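Notes follow the structure.
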Amino acid sequence: MSNERETKKLLGFKEAMERRVVELEQELDNLKTAMEEVDKLIVNTGFRTFKTPEPVEEEQTQKADEQKQVNDEEDEETISITSKDGTILGTMQIEDHVIQFKPSGEFNFTTDIPPFQSFLIERVLDNMKETDQKRTTNGELDPEEILSYEVNEQAGKILALKISNYGGERRLREINSSLRWTFDKMYDKLTQG
């Protein structure tokens with residue numbers, strides 16, 4: 000008798016667990032559907048930044064003055080390009096989306112020393128220019144925002160490299176590191192013969 004009672008009890012537990020599994024599976028399906036809808040909304044609306052209410056006019060004037068000072072300081076920035084051993088190879092001046100690189104006059108950096116032409120010009124700057132031209136064709140970039148560069152040289156000696164419309168912060172870092180690497184390799188070739 001007790002065996003029969005235990006079996007009925009176990010069957011009851013089993014039925015309850017099966018119902019609960021069905022409920023949980025249904026809940027899981029509903030959650031997956033809801034997540035898919037949220038994903039679609041995220042893709043369609045994109046990410047938006049939170050905008051704070053406009054400050055009082057006096058605060059706006061003060062903040063505008065502070066921002067102008069910061070922008071003036073940021074508008075012109077000079078960075079030294081150094082070799083691995085700390086030798087200054089040149090300076091990079093950044094102002095209004097224009098990079099002006101001037102090699103140190105102490106060294107005879109010429110356009111025919113690798114990897115100036117093969118790496119810096121062809122692989123880095125020409126690729127960036129080509130990317131900008133494609134973006135212009137696709138309507139993503141104005142034609143006047145295409146990267147351009149000019150090598151100022153005299154008898155092959157590099158006097159300056161001017162890069163206009165370099166783009167954003169990521170590209171600035173890429174150009175900086177490419178200049179550093181290129182001129183470090185050129186410096187090695189000059190000093191090691």
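171 is the number that numbering that gives the first Met the number 0 gives to position 172 of the sequence shown; each next residue is one higher, with no gaps.
We put the CB at the ideal spot given by N, CA and C, even for glycine.
Owing to the predicted nature of the structure, the values given are computational and were not obtained by experimental measurement.
Item	Value
Whether LEU88 touches TYR186 by CB criterion (7 angstroms)	yes
Backbone CA spacing between ASN107 and GLU76 [nearest angstrom]	25 angstroms
C-alpha gap between LEU160 and THR136, whole angstroms	27 angstroms
Euclidean distance between Cα positions of SER103 and GLU35	58 angstroms
Whole-angstrom distance between GLY138 and PRO114, CA atom to CA atom	33 angstroms
Of the residues PHE182, ASP131, ALA154, THR181, the one placed nearest ARG170, counting alpha carbons only	ASP131
Beta-carbon spacing of LEU119, THR181 below 7 angstroms	yes
Sequence-distant residues of its chain with Cβ nearer than 8 angstroms to ASN151 (five each side left out)	ILE157, LEU158, ALA159, LEU160, LYS161
Which of helix, strand or coil DSSP assigns to SER82	coil
With 16 other Cβ atoms within 10 Å as the buried cut-off, status of ASN2	exposed
CB-CB length for THR90 against ILE78, believed under 8 angstroms	7 angstroms
Counted within 10 angstroms of its Cβ, other Cβ atoms place MET127 as buried (16 or more) or exposed	buried
Delimiting residues of the beta strand (DSSP E) encompassing ASN126	From DSSP, ASN126 is part of no beta strand (DSSP E) but of the alpha helix (DSSP H) over 125-136.
Residue(s) in a DSSP beta bridge with ILE98	ILE93, ILE162
ASN29 vs HIS96 beta-carbon contact at 7 angstroms	no
Exposure label - VAL69; buried when at least 16 CB within 10 Å	Note that VAL69 has pLDDT 44, beneath the 50 cutoff, so the model's placement of it is unreliable and no number is given.
Cβ-heavy atom distance, ILE80 to the ligand NAP, below 6 angstroms	Absence of the ligand NAP from the depicted structure is noted, as is the absence of any ligand whatsoever, leaving it without description.
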